[in-house]
Structure formats: C-alpha cells, structure tokens
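Those protein sequence lines, which keep their order, are chains U and V.
Each residue of the first sequence is one higher than the one before, counting from 17 in our numbering.
Each residue of the second sequence is one higher than the one before, counting from 17 in our numbering.
Below is one structure, written out as structure tokens; the observations come after it.
Protein chains: 2
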Amino acid sequence: MSDQQAVFIDRQPLLEVVPLGGLGEFGLNMMAVSWEDTTISIDAGSMFPEPELLGVDLIIPDFTYLQQRAAKHRAIILTHGHEDHVGAVPHVLRSFDGPIYGSPLTLAMLESKLAEHGIDAADRLVAVHPRDKIAIGQLTVEFLRVTHSTPDCFALAIHTPVGVIIHTGDFKVDQTPLDGEHFDFHRFAELGAQGVLALFSDSTNIERPGFTGSETDVVEAFEEIFASTRGKLVVTSFATSVYRLQILVNLAAQFNRKVAFVGRGMVETSQVAQRLGYLKIPAGLAIRDSEIKNHPPGSVVCLVTGSQGEPMSALSRIAIDDHRHVALTPDDVVVFSSREIPGNERSIDRVVNHIARRGAEIIHEGIKHVHVSGHGSEEELKLLLSLVRPRCFVPVHGAFRQRSRHARVGERLTRNLASKVDIIIAENGDVLHFDRSGGWVADKVPAGRVLIDGPESGLGDQVLRDRRHLAEDGLVVPVLAINKQTGAVEGVPDLITRGLAVEQGADSPLRDASRLILELLETASVEERTDYGMMKDKISVELRRFFRKRLGQRPLVLPVIMEI
Amino acid sequence: MSDQQAVFIDRQPLLEVVPLGGLGEFGLNMMAVSWEDTTISIDAGSMFPEPELLGVDLIIPDFTYLQQRAAKHRAIILTHGHEDHVGAVPHVLRSFDGPIYGSPLTLAMLESKLAEHGIDAADRLVAVHPRDKIAIGQLTVEFLRVTHSTPDCFALAIHTPVGVIIHTGDFKVDQTPLDGEHFDFHRFAELGAQGVLALFSDSTNIERPGFTGSETDVVEAFEEIFASTRGKLVVTSFATSVYRLQILVNLAAQFNRKVAFVGRGMVETSQVAQRLGYLKIPAGLAIRDSEIKNHPPGSVVCLVTGSQGEPMSALSRIAIDDHRHVALTPDDVVVFSSREIPGNERSIDRVVNHIARRGAEIIHEGIKHVHVSGHGSEEELKLLLSLVRPRCFVPVHGAFRQRSRHARVGERLTRNLASKVDIIIAENGDVLHFDRSGGWVADKVPAGRVLIDGPESGLGDQVLRDRRHLAEDGLVVPVLAINKQTGAVEGVPDLITRGLAVEQGADSPLRDASRLILELLETASVEERTDYGMMKDKISVELRRFFRKRLGQRPLVLPVIMEI
Numbered sequence: 017m018s019d020q021q022a023v024f025i026d027r028q029p030l031l032e033v034v035p036l037g038g039l040g041e042f043g044l045n046m047m048a049v050s051w052e053d054t055t056i057s058i059d060a061g062s063m064f065p066e067p068e069l070l071g072v073d074l075i076i077p078d079f080t081y082l083q084q085r086a087a088k089h090r091a092i093i094l095t096h097g098h099e100d101h102v103g104a105v106p107h108v109l110r111s112f113d114g115p116i117y118g119s120p121l122t123l124a125m126l127e128s129k130l131a132e133h134g135i136d137a138a139d140r141l142v143a144v145h146p147r148d149k150i151a152i153g154q155l156t157v158e159f160l161r162v163t164h165s166t167p168d169c170f171a172l173a174i175h176t177p178v179g180v181i182i183h184t185g186d187f188k189v190d191q192t193p194l195d196g197e198h199f200d201f202h203r204f205a206e207l208g209a210q211g212v213l214a215l216f217s218d219s220t221n222i223e224r225p226g227f228t229g230s231e232t233d234v235v236e237a238f239e240e241i242f243a244s245t246r247g248k249l250v251v252t253s254f255a256t257s258v259y260r261l262q263i264l265v266n267l268a269a270q271f272n273r274k275v276a277f278v279g280r281g282m283v284e285t286s287q288v289a290q291r292l293g294y295l296k297i298p299a300g301l302a303i304r305d306s307e308i309k310n311h312p313p314g315s316v317v318c319l320v321t322g323s324q325g326e327p328m329s330a331l332s333r334i335a336i337d338d339h340r341h342v343a344l345t346p347d348d349v350v351v352f353s354s355r356e357i358p359g360n361e362r363s364i365d366r367v368v369n370h371i372a373r374r375g376a377e378i379i380h381e382g383i384k385h386v387h388v389s390g391h392g393s394e395e396e397l398k399l400l401l402s403l404v405r406p407r408c409f410v411p412v413h414g415a416f417r418q419r420s421r422h423a424r425v426g427e428r429l430t431r432n433l434a435s436k437v438d439i440i441i442a443e444n445g446d447v448l449h450f451d452r453s454g455g456w457v458a459d460k461v462p463a464g465r466v467l468i469d470g471p472e473s474g475l476g477d478q479v480l481r482d483r484r485h486l487a488e489d490g491l492v493v494p495v496l497a498i499n500k501q502t503g504a505v506e507g508v509p510d511l512i513t514r515g516l517a518v519e520q521g522a523d524s525p526l527r528d529a530s531r532l533i534l535e536l537l538e539t540a541s542v543e544e545r546t547d548y549g550m551m552k553d554k555i556s557v558e559l560r561r562f563f564r565k566r567l568g569q570r571p572l573v574l575p576v577i578m579e580i
Numbered sequence: 017m018s019d020q021q022a023v024f025i026d027r028q029p030l031l032e033v034v035p036l037g038g039l040g041e042f043g044l045n046m047m048a049v050s051w052e053d054t055t056i057s058i059d060a061g062s063m064f065p066e067p068e069l070l071g072v073d074l075i076i077p078d079f080t081y082l083q084q085r086a087a088k089h090r091a092i093i094l095t096h097g098h099e100d101h102v103g104a105v106p107h108v109l110r111s112f113d114g115p116i117y118g119s120p121l122t123l124a125m126l127e128s129k130l131a132e133h134g135i136d137a138a139d140r141l142v143a144v145h146p147r148d149k150i151a152i153g154q155l156t157v158e159f160l161r162v163t164h165s166t167p168d169c170f171a172l173a174i175h176t177p178v179g180v181i182i183h184t185g186d187f188k189v190d191q192t193p194l195d196g197e198h199f200d201f202h203r204f205a206e207l208g209a210q211g212v213l214a215l216f217s218d219s220t221n222i223e224r225p226g227f228t229g230s231e232t233d234v235v236e237a238f239e240e241i242f243a244s245t246r247g248k249l250v251v252t253s254f255a256t257s258v259y260r261l262q263i264l265v266n267l268a269a270q271f272n273r274k275v276a277f278v279g280r281g282m283v284e285t286s287q288v289a290q291r292l293g294y295l296k297i298p299a300g301l302a303i304r305d306s307e308i309k310n311h312p313p314g315s316v317v318c319l320v321t322g323s324q325g326e327p328m329s330a331l332s333r334i335a336i337d338d339h340r341h342v343a344l345t346p347d348d349v350v351v352f353s354s355r356e357i358p359g360n361e362r363s364i365d366r367v368v369n370h371i372a373r374r375g376a377e378i379i380h381e382g383i384k385h386v387h388v389s390g391h392g393s394e395e396e397l398k399l400l401l402s403l404v405r406p407r408c409f410v411p412v413h414g415a416f417r418q419r420s421r422h423a424r425v426g427e428r429l430t431r432n433l434a435s436k437v438d439i440i441i442a443e444n445g446d447v448l449h450f451d452r453s454g455g456w457v458a459d460k461v462p463a464g465r466v467l468i469d470g471p472e473s474g475l476g477d478q479v480l481r482d483r484r485h486l487a488e489d490g491l492v493v494p495v496l497a498i499n500k501q502t503g504a505v506e507g508v509p510d511l512i513t514r515g516l517a518v519e520q521g522a523d524s525p526l527r528d529a530s531r532l533i534l535e536l537l538e539t540a541s542v543e544e545r546t547d548y549g550m551m552k553d554k555i556s557v558e559l560r561r562f563f564r565k566r567l568g569q570r571p572l573v574l575p576v577i578m579e580i
C-alpha cells in the first residue's frame, strides 16, 4: 500500500505493518501499523551518526511513508524513553496531529527533549499504565509491563480485526526489578494461549547465550568498590539508566557518601526521575558539583556523563583535568558502569588513558561486574517466543546478523510446534500484509535515513537535510600538522574547500577560518592538543559555526590532523 | 646515554635499557639493552596504522637511537614470531651487522617475511633452544620457555655485570600446552631466588581478572560445532595461531573432514609450521582450496584468513560470494576463532552481516568459547611477578592505562615484601640506567613511529617516510556520491587535491583518475559497492598506484563516500 488507499484482498481489508527503522541498524526504531483509515506509529527513534558522517549530529528515519498518509495518522505510541525510541519525535510530531501515548517516565523524558527544541506539546502527551487499553479506530493498543534498564517500559499488544500483534519494545527479563514492577509474564502467556497473529521481538542481544541478569546484579561489585575506595568515587553511566542511578544513590547513603550529578544529562535525568518518584534520594544526600570541594573526597560519589568518551562530556573534561569542580587524584576510582557502544572504543580508550595519567584507578565491566545489559539474551528471547507462540515471527532491532540469528533460533525453537510459525526477516521499508491466516511481504516503500545538522547555539535552529543536500552544501577539509612532541601546530592550517562560494585572496574568509583554528589550538591544553579525537570535534564544531554565521553555509567539515 | 659513549657513574659502568616501542601502544615492541660497547635489540615489531592514516600500510618504531650506535650493535634477539615482535625486522636489519637469534619457528616465520621483501638473511639467523645461553660481549642472553598462542616462544634472562634482567616477551600460563612444552616455572623461580635486578613484563591483559586459560580450552566448543554442522565448516583465526590450527586439524581428522587452508597467510603458515614439525597433518587430510568443490560440504573444514574483516582477505571475499573456490550455503557454519582487535569492530561487523546474508550460521567468542587469548590475565602476571621478585619492575606492552594498572597491581602485590620493589612506568624513549642497587630514568632519546608505504605491486618497492614527508606528498580527497538504493555512482567523482603538482584542464590526470574510480565502481558487485569500507580501501589502493605510476607521487588518499 504505497498510496492513500486502504488495503484489500478480495474485498477483505488487510493489516499493514511497515518497519521504517531499526531493521538494519541499532537505533532509528520506528514502525507503522495501519488498518483501513487508521495509522499509528510505534516509537520514533534516532541514532548517532557513524564517524564518517562528520557534520551530522543525528540520524532519524525517513518517514515519507507516514507523511503520505498524514491524514490517517492518529497517534504515536512509545514503548519507552530511550533515544533510539523517542529521539526522532521532535522531528516527526509536527507532521501529524493526535496524541502521543507513553508511560509517565517516557513522557517526562520526551518532554525534556521537546523543551530542548522549544516545542511544547504537553496537550498531546497522554500517560498510560500497564494493562491500559486505548482504542484508536479499529485498533486497540494494550500496554504490557516489560523490564529493561530504565523503569516504566512497555511492550504493546495491538488488537486488530485480523488478530493480535505484539511488539516487545526493548526488554530483558529482570526477575528482581528494583522498583518491584515485574515483567507481565501472565498477560503474555494469556495472549499466547488465545492466539497471536504476529510477534515483533527485540534482537539486540541474540548473540549472547544464556540470561542477561537483573539490574541489581551490579550491587555486589559496587559494594566492594564503595568499601575499598579511599578517595572520590566517579561513576559514569548512561544518564537514562535510572535503576543504575538508584542503586548508586542507595549505596552512597549506605556508605555515607554525598551524591553529585555532574553533566547536563545526569542533572536533567535525575531531576525528572526524582520529580516523578522513579528516583528516590534521601534528603541532604545530593550536592551540586560546585559543592564537591567542600567535602572530603572519601565522602563523595560523582555520577557523571561521558561513558562513551564523548569529547565534550563531563568525564572527558575531568580526564584531562579541565573540569571546574572535579579533579582526580590517585586515591580516586573511576567506574565505567556502561558498555562500549561499537564505534566508540577508541574515544573511550583515549579517555581511559587520560584518567590513568591522573593516577586514578579505572574499573569497567571487563574488570568487575559493574554493568548489565538492558536487553534480553538468547534464553530470554526464546522464553518470550515460547510464551507468545505467534502465527508469524518478525525479528526487529538490529543489523541483519542479529535478525537472521534470531530467525534461526526461532526456527529451531518452533519447528516441532503443532502449528507452524512463519518467520519473516523483513527490512526497513518492507510492507508487511497480514490477514487472519498469516503475513507476507507485499511491497516496498522508500525508507532510509535522514541526517540532522543539530543546533549548536540555541533552540529551533534545526535543519533537516538529506545526503544530496549535504553534498550541495560543500565540503571543508582543514589540514593541520601537529608536532607530536610539543603539541604545537606547524605552519598555518590549510583549508581545502569544495562547493563553497567563498572569495580567495587576502580578505578571504578562509584566512579567518584558518586563524580561528590556530586560536583554538593555542587556547587548548597540551593534553587536549594531542587528543586528536577531541581536537577534530572542536575544530568541526567551531568551523561549522563560522561558516554558518559568516557565509550562511553549512558545509561538511572533515578535519585531517597529521602528526609530524 | 644519547651519544656514542658508554655510561659511567663514578667510574662504574651502568646498564642502559631503552624501550623504543610498545610502551604507549600495542605493537612496535622493541627494546635496546647496552653494556659498555655492546648493544643488543630485543624484538623489532610493527603495528597496523589507525584508520586515520590512510595511505600508510605499516608502522615501525623510530630506531634512530640504535642507528646512532650501530657500530656497537651486536645482535637482535627475538622472543617469538608475531608481527608485533618481528614485523620491523626487514626494515631494521640492514642497519646492523650480527646475528638474529630466535627459536626455529620464530626464525621460519621471519624468513617468510624477509622473503616477501626480497631479503635473504639466512646466514644471520641463529636458532636457539630453551635454556640456551648466548654470550654477547659481557651480556649473556638465556632463553626461557614461555607459553603463548603460538609454539616455541621465549622469555629472556639477560645476565649483565650488574645483575639479571628478565624480559617476558608475550606469555600466558598454559598448563596443558598442546605440544607438551611447558612454561619454565622452575628457572624463573631459581632466578628469582638468586635475585633479579629488573623484570620487564607483558601488560596486555592486566585488565582481565583471573587466569586466561589454555589453548586447549577451545576444544570442547569446537567438538560441539564439528558434531552439529551439516555443511561446510569455515573457521577464521590468526594464521600464526599454530596451536589453533593443530586443534582444528585434529578435530577434522576425528570428524572425517578434509582440511583446506584458504588465503595466503594460512597457506604459508601451515606450510612453514608443518615443515618444521610444529603442525602435524595426517597424510591425505589436507586439500587445496580448488579441491573443495570435489568433496561433500559436510566433509570439509576451511581454515581461512580474514578474522579482522580485512577487505581483501579470503573471508571478506567469501562473505560477498566472490571467492573462486568457497561459496557459502545455509547449511554452513562460519566460526570467528579470534578476538576483535580494537579499531576493527566495524569492518568485522560488515563481514558478519554479509555472511549472514549468505544464510550461514555465525559463531564467535561471544557465543561459544571458540577463542582464548595468548596473553596472561591478572593472576598470571601476578604469579610471574611473585616468582621473580625483582629489584625493579617495569610494565611493558600496552597503552598507559594497561601499564599503570600493571604497576598498581604490582605495587599491591609487593608492598609487604621484605625487600622493596621499585616500580617504573617508563615511556618509549626513556633511557633507563641500572646499577647493582636499582634503576632510574636518566634521560630521554627520540622515539616514535615511522610510517611505511608498502609495496602494492612487487618486491623491494618500500618507502620509509615520516609524517612530515607524508604531508609534503600531498593529499587527494576523492568525493563520491553513491545512490544507496541502487549502489550506482551519481555524477562524476570529484577529486580534491592539495600539494600535488598536477595539470588542470581536459588532459589533466585527474580526469583519468576520476575515470579510474568510475571503472572500479562499475566492475564491483552491488554488494561491494554498498560496502563502503571495502570501496574506500579499493579506491585508495588504486589511486595511490595511479599517482605513483603516472606522476611519481605518493599522496595521502582519503576517500569520502556520500550516500544519497
């Protein structure tokens, strides 16, 4: 159904499901479900660009398919509040009317995100609770509690005229959830017993054998760390890992340490989660980062942003001894309570080396069990498939390798069932049709990625651009020669440009751009200057700002640094 | 000692040790040891360049320090035959006279490497065996058996007039070595009891708790895989992991499968190792890759190169169904019996996704225990330190984070010993002086990295260049726009150049270069064209060859591919 018409076969309407993102990558999760004149979207996630895409801040799914049926689009349903599920909402919500459903925490996380974009959509946000059912046209969306790394997450059971489809969202089976909100096994089992038309299930961790384990599994390792650390304890994790924050707050109270949230993400998430009652902080325990110096190091734990080695994050600043309020000493311990997202290994390695030079001890999940994944491993994914026993099984969330493995595992599990399970390895843009008897790939619609050049200097400064646009915007390659020994720049930075309308000669803006780079390097510390990841990032940000303000252009900036 | 003079304090000579590589990175391992008019080198390793250094094939240590004392340089001592310990030998051996000592396998691996460079140094290679002692001036080098991922590895005990220093080389404690060649605990203990002046010990796996485990630990998982695989079994590992090859050969014999070595590295290593008796292959078991098609898939195991996702390797070819003799089917199983070297994650991920599209099952160390490291974990490193109880301890092999952690672990272990252990976190180029009472950092000499632009088309075509030279060679940035849906190039590739003396206009070589890229893309399969890693690599190689042949220039080539 690539046009505005509803789908019929022999006069019988069909259910149409179109994954628009998340099948081919981690992130960008978005799926459209349509029945006659009703279309709903499940999630609208973003992802961070690969390092090649310098000049791009964010990627969102191409939702042209939905824009073409905007008149029928009735609602956005959110499974939970992580970036890869809600990050594109600010970019898609203006295209559609209608409510946005999600749990209270999901909506609160979304609201902070919308506020960053200067969007007030409070009147469209509708909070829902486990087992709530919302009727939207002839579709009824039922919210099922699942456990994940953040509280208040849902799977969805969508009751349609041809049967029930279940979308798991992100989940693992946490048998001891910190907030006592258990996985709703019973409802999954009940729906499975009654008959489910299709299951769309998270494939993220299908390559991990066994069970993932509970969020509370990290407590033991952290107890050891709290007990043995003489100086400051600095813990970095994803700011949205609210359970992790709660565990660390609890241990801080137990071990008589004050808690400081450091870095914007940490401060915001902790405030939102506390306001809504998802994060409970005993009175007097939390301090501001500016107060850290007023307490003995052994009485403080800092929860900081920057677990992925992001060059501008609090932890990167701390690592190069350039943070206003946090300085590391050899008595301190820095814990990476996080995984390395593929692609970030080298940035993280740089930060760890800087921290080691400060003399602090470093602990990560390879050393102690200080992190646990939020996604179910093979046994949990099999358990869910066994409970639901769907007519059709569609692995979602992941590259082809994960989805095809999930399909293989599903095939082994279901091959001896009385009723056959059809397994569909779908791609983004595949149009899946379902009738009462099953489902199939019927068509293909455009799907892909839209690159976003984010706001560097305020609100509402977003530009959506596709890659063709990017090419038209021109290219700037600043080439710098840095002396490895001294960290000094040799000669004047050279700026190679292409597709930029820019004067040459003595008054050329390129001279100013070159001077800007020199200034940037002169004001940087030696440690920063020899951290090429950080320098490239800084040069990119500053040059893009320069070209935007001076020329009204938005070139791709691709710094090349040569050591000499 | 930065000049040609021997070192004296109050007329007493001092021992001088200078690490020239491997302290600041993984790879480039090289260390100089001098006593009066005798200098020896321990290892001369290379490393592969970071992805930023496009246009560079190999990095070797800057050995200016050794060239300055070439007249005193008496010998190169090799601990084992891995690239990070012998890869620079072809580049350094012409600078010095004198023998190169190593185990028979190490020397055989070196000889193949030298042959690639058209170097015949057979008359300089001297095979040594465990507990052999070689006198070189007033230094006596003793070879101690250690276990690692390849057979016939040594640690070194160097007897000097001021005491014994021990260099571990790479090691783990494999209690059940496949070849029965056990770790020489007794000699380490004996030397420790007699008194050791300094220990230089491998820090690679200091961030892993516990023991690493034996090479034979993978047998169980592979037995399961051999037993359950209906189609071809394709196993990729480092070609130099001779124990791994032997285990797979043994299992092939047990499970009635023929063994095909696929890819140059596998073919060469297996031949060398077999010739010297390190790899035992029952008669009739091995087949050529061209014979694979003559056997039922269930009767074949292929041992292939490409575990790091190298774009031109056998496995990458197989993954995109472009290998002459090996085609994957859904009954086949591909095993990555290797770790992901940091920086290679994305290349490997691409290859895995391609393999998944062939329908084959994929198994890696995250799924089953099909790989074990060759480097000792924390407990093994502590065990060695306890056995040796040196006067000074110098962690080697690794970035600052590993060496500083090794130092910290060493400090905790030795703080209660009767005699204090001095721990020195040295850097490449630090000049360490030792007398009978201990050691200290006395000076700093130039040390760093030399980039090598390798031969693309034959022997003896190597150019050593430093980064300054690289900048002088100019820069070419080919910018391509590829249509994501069709894989077709849009428009003509644009070539941005800097620092290249090249004509513009209709006859410009840049037009030919642009045409070359178009041809390259046209002859590539759709799957190749959408694999940007592979395309960038191909374009780099071809353009470098073009500029070298046509203009005699060697620019840095930095392809930018935009999806539109």
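Ideal Cβ positions, reconstructed from N, Cα and C, are used throughout, including at glycine.
Keep in mind that this is a model prediction, so the values were computed, not measured.
Report all residues from its chain with a CB closer than 7 Å to the CB of U/Glu427; omit the five preceding and five following residues, and keep chain order.
Correct list, in chain order: Ile439.
With 16 as the cutoff for other CB atoms within 10 Å, does U/Asp168 come out buried or exposed?
buried
Run through chain V and tell me which residues come within less than 9 Å of U/Leu225, C-beta to C-beta.
According to the sequence displayed, residue 225 of chain U carries Pro and not Leu. Residues of chain V whose Cβ lies closer than 9 Å to the Cβ of U/Pro225 are, in chain order, Gly382, Ile383 and Lys384.
Name the DSSP bridge partner or partners of V/Val234?
DSSP, once it has assigned bridges, lists no residue as partnering V/Val234.
Would you report the Cα separation of U/Ile92 and U/Asp451, rounded to the nearest angstrom?
23 Å
Of the residues that make up the stretch 247-273 of chain U, which ones have a beta carbon closer than 8 Å to any beta carbon in chain V?
Taking 8 Å as the Cβ-Cβ cut-off against chain V, none of the residues of the stretch 247-273 of chain U qualify.
Select from U/Val425, U/Lys436, U/Leu400 and U/His370 the residue whose C-alpha is nearest the C-alpha of V/Arg417.
U/His370
Curious, which full-length beta strand (DSSP E) runs of at least 3 residues does the stretch 351-439 of chain V contain?
377-379 and 408-412
Can you tell which of V/Gln210, V/Pro462 and V/Val162 has the C-alpha that lies nearest to the C-alpha of V/Gly192?
One point to set straight first is that residue 192 of chain V is Thr, not Gly, in the sequence displayed. For the residues V/Gln210, V/Pro462 and V/Val162, the minimum Cα distance to V/Thr192 belongs to V/Val162.
Taking 7 Å as the cut-off, is the CB of U/Glu377 close to at least one heavy atom of the ligand NAD?
Within the structure as shown, the ligand NAD is missing, as the structure has no ligands at all.
Just by C-beta distance, which residues in the stretch 337-368 of chain U are closer than 8 Å to chain V?
Answer set for the stretch 337-368 of chain U: Pro358, Gly359, Glu361, Arg362, Asp365 and Val368.
Assuming U/Phe170 is part of the alpha helix (DSSP H), what are its boundary residues?
According to the DSSP assignment, U/Phe170 belongs to no alpha helix (DSSP H) but to the beta strand (DSSP E) extending over Cys169 to Thr176.
Assign U/Ala255 to buried or exposed, taking buried as 16 or more other Cβ atoms, counted over all protein chains shown, within 10 Å of its Cβ.
buried
Roughly how far, in whole angstroms, is the beta-carbon of U/Val33 from the beta-carbon of U/Leu448, given that I think they are within contact range, below 8 Å?
4 Å
Select from the stretch 406-418 of chain V all residues with a C-beta closer than 7 Å to any C-beta belonging to chain U, and list them in chain order.
Of all residues in the stretch 406-418 of chain V, the ones placed with a Cβ closer than 7 Å to any Cβ belonging to chain U are Ala415, Phe416 and Arg417, in chain order.
Buried or exposed for V/Gln262, please, with buried defined as at least 16 other CB atoms from any protein chain shown within 10 angstroms of its CB.
buried
Could you check which residue in U/Thr166, U/His183 and U/Arg140 has the C-alpha nearest to that of U/Asp581?
Outside the shown range of chain U (17 to 580) lies residue 581 of chain U, about which nothing can therefore be said.
Find out if the Cβ-Cβ distance for the pair V/Pro411, V/Ser217 is shorter than 8 Å.
yes
Between V/Ser435 and chain U, is the shortest Cβ-Cβ distance under 8 Å, so that the two count as touching?
V/Ser435 does not count as touching chain U.
Go through its chain and collect everything with a Cβ distance to V/Phe242's Cβ below 6 Å, but skip five positions before and after it.
Same-chain partners within the cutoff: Leu267 and Phe271.
Over what stretch of residues does the alpha helix (DSSP H) that includes V/Thr345 continue unbroken?
Element bounds for V/Thr345: n/a, residue is neither H nor E.
At which residues does the alpha helix (DSSP H) containing V/Glu206 begin and terminate?
Phe201 to Gln210
Based on the DSSP secondary-structure assignment, which residues constitute the bridge partners of U/Ala143?
U/Gly118
Using the Cα positions of U/Ser329 and U/Gly322, report the straight-line distance between them to the nearest angstrom.
5 Å
Express the C-alpha separation of V/Glu395 and U/Arg561 in angstroms, rounding to a whole number.
51 Å
With a threshold of 8 Å between beta-carbons, can U/Pro471 be considered close to chain V, or not?
In this predicted model, U/Pro471 has a pLDDT of only 44, less than 50, meaning its place in the structure is not dependable; the value taken from the coordinates is given anyway. Interface flag for U/Pro471 against chain V is unset, since no Cβ pair is found closer than 8 Å.
State the start and end residues of the unbroken beta strand (DSSP E) segment that holds V/Met282.
Looking at the DSSP string, V/Met282 is not in any beta strand (DSSP E); the run it does join, the alpha helix (DSSP H), is Arg280 to Arg291.
Whole angstroms is fine: what's the gap from V/Leu39's alpha carbon to U/Leu403's?
54 Å
Going by Cα to Cα distance, which pick from V/Arg566, V/Leu532 and V/Val386 is closest to V/Ser230?
V/Val386
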